[in-house]
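Written out below as structure tokens is the structure these notes cover.
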Amino acid sequence: MRSKILTKRDRYMAALRCEEPDRVPIVVRGVNPMFGEAGLPPSRHPSFAPLIEATAEKTEWAYRWHPPEENLLSSHPEATVTVTRRPCDQEGFDEEVKTFETPQGPLETVNWVSREGKPGMTKNYLIETLEDVDRFLSIPYEFKPLDASNFFELRERMGQNGVLMASIGLDPIGHVTHWLGLETLALWTLVEREAIFRLLDEFYRRAALLIKSFLSAQVGPVFATLGMEQATPPWLSAKDFQAYVTEYDQRLWAPILEEGGVVHVHCHGNLRDVIPDFIGMGAGCLHPVEAPPMGDIELHQAKEMLAGKVCIEGNMQLDDIYSKDEEFIRESVRLAMRDAAGAGGFVLCPTASPIPPVLEEKVLHNYLTFIEAGLDYGGYT
Amino acid sequence: MGILTEIKDAVVRGRVDIKSPYPPEMAGKPGVVELVEQALEEKMDISMVLKEGLVSGMEVVGDKFSSGEYFLPDMLMSAQAMKAGMSILDPHLRGKSIQKLGKVVIGTVKGDMHDIGKNLVAVILEGGGFEVIDLGIDVSAEAFLSNAEEHPGSVIGMSALLTTTRESMRASVELLREKGLSNKIIVGGAVVTQAFADEIGADAFTKDAAKAVPLVKGLLGIAS
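Chain order of the listed sequences is B and C.
For the first sequence, the residue numbers in my numbering are 665 to 1045.
For the second sequence, the residue numbers in my numbering are 65 to 288.
If you want it as structure tokens, here you go:
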């Protein structure tokens, strides 16, 4: 008998633990009524107001709390980073230069940063040579003790509306790719593997400190991470994924799992060949599990592999929310429920956060349709 | 093994030159650089070196990537090997009667800063015998238009990685069509599908870079 109506928090937690709640939880990734709070992303454009309102009322809140230490840079007094901004040729963008002082000479990275909140790009990566690796690793590392008071305040205010996740941020390979760039990473997997492992070892050490401090502060029980999508096929082979991701993340997450926590993973790309790795690593929830052409596995196939082991959060293509009509959205939600909701362990969610700064009327309508269809088709009877 | 086969094999295996540490099992063996130089010393037909060595090698690489045998690192290393070979051939190609197969103007559409896929396509097309004019990233519809006008008969290649920049791709295609330009348009990128390509009126679509050469040849009516 399943007549009891769960709170949003219990509903989402039940799904994350691969149990069957009263209905399929709905999460609108990248949209939340608590935007702008310390530790959460800044607020969105006023055009998002109706969606934020609907999200607040009808969906489960799943937010990632980002501690200042998430980027795993050193807090050592000698580890200074100066940031300067200057206009650049790219219309609507500034050039942001970050200079890291190191005992072996400065390191510099240049990014194009949008003045209108659009996605930017890295023009020059921080690490481009083996000498840069030495310079980066020569920076004295000091972990700043975590102040988690803000987490508890936000969690208290969120109440039973959902789950506040503690964000680990990028995993070790995500950090390495962030500073190295995908092209260099790819080439170094063939000719400079040792340099990659040196960097991975260091970011593993730093991330482990962050997790240890999370657990000491008793934040959780859900921890969010991402970054390994840079190492999924076809970028890297499944064998390389095991070497660069599985080997590190499995050890990294072990203390969380020992404490009964759940690891929520965001990973785009082709997952078919690495799903066994995610299961082995102890992932609690996998988002967004994309079907072709963006991914390589249909939802029902993923469900067969993950049922009872890892919760699936997905997989309404953001692209479809932006480009299709109401009928298509409703049917997609119905099919997602048919293919993945059985026996629980499923959260209905778009594949990504909204990208353009302004929400157009059509897109708003599709988002609202997505929520309503999720409520209509998501009941467990 | 003949020299052309050796060049092709070196491209497939991503062996740039004799000093390269990759692939480790070929340590001390010549790479594309030495082999192309050797071919030139032996007065081999340059077009043969290009087509049966470099281009043929990249075609194999493309097939291996499409089939899942090769991954991005293999593709990039082979592209480096091919570029190294092209840089040696280039001075010899100038003034020769060897004609490029055609011209491709390529760019990532307005609002999109991603260029790995676009760069790969550019390298593969160059290796496939095409002249490539790379407009870079964040390319406006107007820039595609002016380049299409400047290079009549060229194929226009547009790339997009972001959902939101697909509309820029649509706007670019529409502008070219509105102005009555007859240039063929090929689109690609992670968020582009055949259905979207059809919807916006592009002439061709490819999901992976490796397919670019046969697709562009097809658009220009060139036999493979």
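Glycine included, every Cβ here is placed at the ideal spot set by N, Cα and C.
Only a predicted model underlies this, so the values are computations on that prediction, with no experimental measurement involved.
For TRP729 (chain B), no chain C residue has a C-beta closer than 8 Å to its own C-beta; the minimum C-beta separation is roughly 26 Å. For a cut-off of 8 Å, the C-beta gap from MET233 (chain C) to ILE188 (chain C) is around 20 Å, too long to register as a contact. Residue state for GLU760 (chain B) is assigned as strand, using DSSP reduced to three classes. Between the C-alpha atoms of GLN914 (chain B) and GLN102 (chain C) there is a straight-line separation of about 50 Å. Proximity of PHE135 (chain C) to chain B, defined by a Cβ-Cβ separation below 8 Å, is satisfied.
In this structure, the straight-line span from the alpha carbon of VAL797 (chain B) to that of LEU844 (chain B) is close to 9 Å. Within the same chain, ILE985, ILE993 come within 6 Å of ASN1030 (chain B) by CB-CB distance, once the 5 residues on both sides are set aside. Residues are counted here when their Cβ sits less than 7 Å from a Cβ of chain C; for the stretch 759 to 773 of chain B the count is zero. Against GLY784 (chain B), the close residues of chain C are MET177, in the order they occur along the chain (beta-carbon pairs closer than 7 Å). The stretch 964 to 996 of chain B is shown to contain whole beta strand (DSSP E) runs of 3 or more residues at 975 to 980, in chain order. For LEU279 (chain C), there are no C-beta contacts with chain B under 8 Å, since the nearest C-beta of that chain is about 16 Å from it. Of all residues in the stretch 254 to 274 of chain C, only ALA254, VAL255, THR257, LYS271 place a beta-carbon less than 7 Å from a beta-carbon of chain B. At a cut-off of 8 Å between beta-carbon atoms, THR853 (chain B) makes contact with chain C. Between GLY891 (chain B) and GLY838 (chain B), the CB-CB gap stays under 8 Å. Exposure of VAL747 (chain B) is indicated by the presence of fewer than 16 other C-beta atoms within 10 angstroms of its C-beta. The stretch 166 to 177 of chain C makes no contact with the stretch 106 to 114 of chain C: fewer than 3 CB pairs, one atom from each, lie closer than 8 Å. Here THR841 (chain B) is buried, its C-beta having at least 16 other C-beta atoms within 10 Å.
Of all residues in the stretch 139 to 150 of chain C, the ones placed with a Cβ closer than 9 Å to any Cβ belonging to chain B are MET139, LEU140, MET141, GLN144, in chain order. The continuous stretches of alpha helix (DSSP H) do not include GLY171 (chain C), which lies in the beta strand (DSSP E) extending over residues 167 to 172.
ARG799 (chain B): member of the alpha helix (DSSP H) spanning 794 to 802, first to last residue. Taking 8 Å as the threshold, the shortest C-beta distance from ASP81 (chain C) to chain B does not fall below it. Scanning the stretch 938 to 968 of chain B for uninterrupted beta strand (DSSP E) segments of 3 residues or longer gives 949 to 952, listed from N- to C-terminal end. When 7 Å is used as the limit between beta carbons, SER901 (chain B) is near these residues of chain C: PHE135, in chain order. In the DSSP annotation of this structure, the continuous segment of the alpha helix (DSSP H) that includes PHE129 (chain C) starts and ends at 120 to 130.
Residue-level contact check: PRO85 (chain C) touches chain B, since one or more beta carbons of chain B fall below 8 Å from its beta carbon. In this structure the stretch 917 to 927 of chain B does not lie against the stretch 716 to 734 of chain B, because fewer than three pairs of beta carbons, one per stretch, are closer than 8 Å. DSSP, read as helix, strand or coil, puts GLY252 (chain C) in strand. At a Cβ-Cβ threshold of 8 Å, ASP753 (chain B) and VAL777 (chain B) do not count as neighbours. Between LEU963 (chain B) and chain C, the shortest Cβ-Cβ separation is not below 8 Å. Counting along the chain, no alpha helix (DSSP H) covers MET785 (chain B); the unbroken beta strand (DSSP E) around it starts and ends at 785 to 788. Taking a 10 Å sphere around the C-beta of PRO836 (chain B), we find 16 or more other C-beta atoms and assign the residue as buried. In the three-state reduction of the DSSP assignment, SER880 (chain B) falls in the helix class, which pools H, G and I. When DSSP states are grouped into helix, strand and coil, GLY823 (chain B) belongs to the helix group. Using a CB distance cut-off of 8 Å, PRO898 (chain B) counts as an interface residue toward chain C. Using a Cβ-Cβ cut-off of 8 Å, GLN754 (chain B) is close to ASP202 of chain C, given in chain order.
Counting only Cβ-Cβ distances below 7 Å, ILE180 (chain C) has contacts in chain B at LEU846, GLU847, in chain order.
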